[in-house]
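Chains as they are written, first to last, in the working numbering: chain A, 3 to 274; chain B, 4 to 294.
So, in structure tokens, the structure goes:
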């Protein structure tokens, strides 16, 4: 259980919940071996909203899948509470970008209950109560008995979030969960996610390619550079109760933008 | 005289909203006729009645019982042979063999596809076997089956298994392969492995293809059975619905031949419209996987 990250500031919290050290990820296509990330290291502490931000092709989703246990690093290690991550498991619940992540043959309630039962976390009445509790937290009580195909995209993502949170996982992995939503719904979902965090203080890794979303949702931001993904910087986001928050957000946005596009001539500010 | 190309700046405006309670009609109930015509079963019954009427008229026009007995004579023969218990007994013989062969075929298909998705060799095995045996007409195996198993019902069951196994395995496998990566990852995320993963994620997710395979398998089995009985019945002197048809043809009892064919059709309609339809409505339609 080697402790790393001597170059990171000591933030005075307990031990890191998740430590990723020197992780190189490669995958094979038909005729190439692609390096998605190269020696990426970071640590996530309890109750952090840790955002992985980068342009497409920086391997951020691949990195998240490796934390999820879907692929093994060619180099380096991923440890959750000191134990090496080897395979997918219910202690790292994932929320995917795609709307088809809900099981179409189960109602909203059954979808939320299913992982509780199949992983043996809870059974019977207790599972149902927990599920209904989290369905209420995402304001879908009215739709508990409907099938997913009757829900809108935003509602489906809320079910997916409720399903993941009901498991009360050690860490919540979010793979661009709001990317396929329209701008108005996305904004609303970001606020709701923060409200949920205020209530339950879960730990999450949130992958996104939107700078604005990263600043809004995250408490700490890991910037990756593309081809292959390497750590460019690790920043603190703007506190949610900071004075003159909007200005601070805009300043940070410009700063991140300059860092990401330092080697290109682009200067305009992305307004995702 | 030249008009300006740009429209003048227009004032902003606020819409006035009417409370929903003050709307006139938001939903209009459908008329009685529309409600009736929306019933699928009713439309199908109308089609059947029209077909029966055409048959009746044509049968009377031909006026030859040995070529085309009219619908009414067929129905008379049908009820007569139900009344004397002959037809139900033949149907029962056929159904018994059919359900055994069908169940065995589906079971083997399940084993083969589970093997195919869990191992690479299993996948190669399934692909090779289906490529070899799927085009082989089941009825062509009957002489061999008779040689191997003798004049026993199992010979028929063997041929049935052959006719069910390959289409069901092929459809199930392609359904498994097409399950979205996201759903697979979701299943793995729950910590599901092996049998649990197949039964709780892959089978429901692939259910539209599986159901299509079961339907095709059913049709193949039913056809094969009747065809096999036409041959097999002659040699054993007893049998099911196929044998009923041959027997009556031999004594030129043509309305009874038609009654036999009619029964085959009725059972086909029942299985398709009642059994498979109910399964479909309770599963893939309710889940939004089929419209």
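C-beta: ideal position from N, C-alpha, C; glycine also. All values derive from a computational prediction rather than experimental measurement.
Which residue spans inside the segment 49-109 of chain A form an unbroken alpha helix (DSSP H) run of at least 4?
If we require 4 residues or more, the alpha helix (DSSP H) runs fully inside the segment 49-109 of chain A come out as 62-70.
What residue from B:288, B:232 and B:157 has the CA that sits closest to residue 94 of chain B's CA?
Here residue 94 of chain B is taken as the residue at index 91 of the second chain, counted from 1. The option with the nearest alpha carbon to residue 94 of chain B is B:232.
Tell me, to the nearest whole angstrom, how far the beta carbon of residue 208 of chain A is from that of residue 176 of chain A; I am working on the premise that it is less than 8 angstroms.
Start at 1 with the first residue of the first chain, and residue 208 of chain A comes out as number 206. Start at 1 with the first residue of the first chain, and residue 176 of chain A comes out as number 174. With 8 angstroms as the limit, residue 208 of chain A and residue 176 of chain A qualify as a contact, their Cβ atoms being about 5 angstroms apart.
Report yes if the C-beta distance between residue 70 of chain A and residue 192 of chain B is below 8 angstroms; otherwise report no.
Within the first chain, numbered from 1, the residue matching residue 70 of chain A stands at position 68. Within the second chain, numbered from 1, the residue matching residue 192 of chain B stands at position 189. In this structure, residue 192 of chain B lies closer than 8 angstroms to residue 70 of chain A by Cβ.
Hey, is residue 103 of chain A's beta-carbon within less than 8 angstroms of any beta-carbon in chain B?
Numbered from its first residue, the first chain carries residue 103 of chain A at position 101. Output row for residue 103 of chain A: interface = yes.
For residue 185 of chain A and residue 239 of chain A, I'd like the C-alpha separation in whole angstroms.
Position 183 of the first chain, counted from the first residue, corresponds to residue 185 of chain A. Position 237 of the first chain, counted from the first residue, corresponds to residue 239 of chain A. Roughly 21 angstroms between the two C-alpha positions.
Does residue 199 of chain A have its Cβ less than 8 angstroms from a Cβ in chain B?
Taking the first residue of the first chain as position 1, residue 199 of chain A is located at position 197. Answer no: the Cβ-Cβ gap between residue 199 of chain A and chain B never drops below 8 angstroms.
Hey, how far is the Cα of residue 168 of chain B from the Cα of residue 104 of chain B?
Position 165 of the second chain, counted from the first residue, corresponds to residue 168 of chain B. Position 101 of the second chain, counted from the first residue, corresponds to residue 104 of chain B. Straight through space, the alpha carbons of residue 104 of chain B and residue 168 of chain B are spaced by roughly 9 angstroms.
Can you have a look at residue 42 of chain B and say buried or exposed, based on whether 16 or more other CB atoms are within 10 angstroms of its CB?
Counting from one through the second chain, the residue named residue 42 of chain B turns up at place 39. With fewer than 16 other Cβ atoms within 10 Å, it is exposed.
Interface positions of the segment 176-201 of chain B facing chain A (Cβ-Cβ less than 8 angstroms), listed along the chain:
183, 185, 186, 188, 189, 191, 192, 193, 194, 195 and 199
Under 9 angstroms Cβ-Cβ, which residues of chain A neighbour residue 291 of chain B?
Here the question's residue 291 of chain B lines up with position 288 in the second chain. By Cβ distance, chain A contributes 106, 149, 150, 151 and 152.
Positions along the segment 203-227 of chain B whose CB lies within less than 9 angstroms of some CB in chain A
203, 204, 207, 208 and 210
Taking Cβ-Cβ distances shorter than 8 angstroms, what residues in chain B pair up with residue 145 of chain A?
Within the first chain, numbered from 1, the residue matching residue 145 of chain A stands at position 143. None at all; the shortest Cβ gap to chain B is about 14 angstroms.
Neighbouring residues, chain B, relative to residue 117 of chain A (Cβ below 7 angstroms)
Along the first chain, read from residue 1 onward, the residue named residue 117 of chain A stands at position 115. By Cβ distance, chain B contributes 193.
Less than 8 angstroms between the beta carbons of residue 142 of chain B and residue 107 of chain B, yes or no?
Translated into positions along the second chain, residue 142 of chain B becomes position 139. Translated into positions along the second chain, residue 107 of chain B becomes position 104. Their beta carbons are not under 8 angstroms apart, which means residue 142 of chain B does not touch residue 107 of chain B by this criterion.
Three CB pairs or more closer than 8 angstroms across the segment 87-105 of chain A and the segment 140-159 of chain A:
Three or more Cβ pairs closer than 8 angstroms define a contact, and the segment 87-105 of chain A meets that threshold against the segment 140-159 of chain A.
Note down, in chain order, all residues in the segment 45-57 of chain A with a beta-carbon under 8 angstroms from any beta-carbon belonging to chain B.
none
Would the beta-carbon of residue 43 of chain A fall within 8 angstroms of that of residue 211 of chain A?
The residue labelled residue 43 of chain A in the question sits at position 41 within the first chain. The residue labelled residue 211 of chain A in the question sits at position 209 within the first chain. Result no, Cβ atoms of residue 43 of chain A and residue 211 of chain A do not sit closer than 8 angstroms.
If we count the other Cβ atoms within 10 Å of its Cβ and call it buried at 16 or more, is residue 128 of chain A buried or exposed?
Along the first chain, one-based indexing puts residue 128 of chain A at 126. It counts as exposed.
Determine which residues share a DSSP beta bridge with residue 231 of chain A and list them.
Within the first chain, the letter at position 229 stands for residue 231 of chain A. Its beta-bridge partners are A:39.
Would you identify the three-state DSSP class for residue 22 of chain A, choosing helix, strand or coil?
As a working note, residue 22 of chain A is residue 20 in the first chain. It is a strand residue.
Is DSSP giving residue 202 of chain B helix, strand or coil here?
Position 199 of the second chain, counting from 1, holds the residue named residue 202 of chain B. Helix.
Measure the C-alpha to C-alpha separation of residue 284 of chain B and residue 117 of chain A and round it to an integer number of angstroms.
In the second chain, counting from the first residue as 1, residue 284 of chain B sits at position 281. In the first chain, counting from the first residue as 1, residue 117 of chain A sits at position 115. Spanning the two alpha carbons is a distance of roughly 26 angstroms.
Give the secondary structure of residue 14 of chain B by DSSP, where H, G and I count as helix, E and B as strand, and everything else as coil.
The sequence position of residue 14 of chain B within the second chain is 11, counting from 1. Three-state DSSP puts residue 14 of chain B in coil, outside helix and strand.
Residues of chain B with a CB under 9 angstroms from the CB of residue 96 of chain A: which are they?
Here residue 96 of chain A corresponds to residue number 94 of the first chain, with the count starting at 1. Simply 188, 189 and 192.
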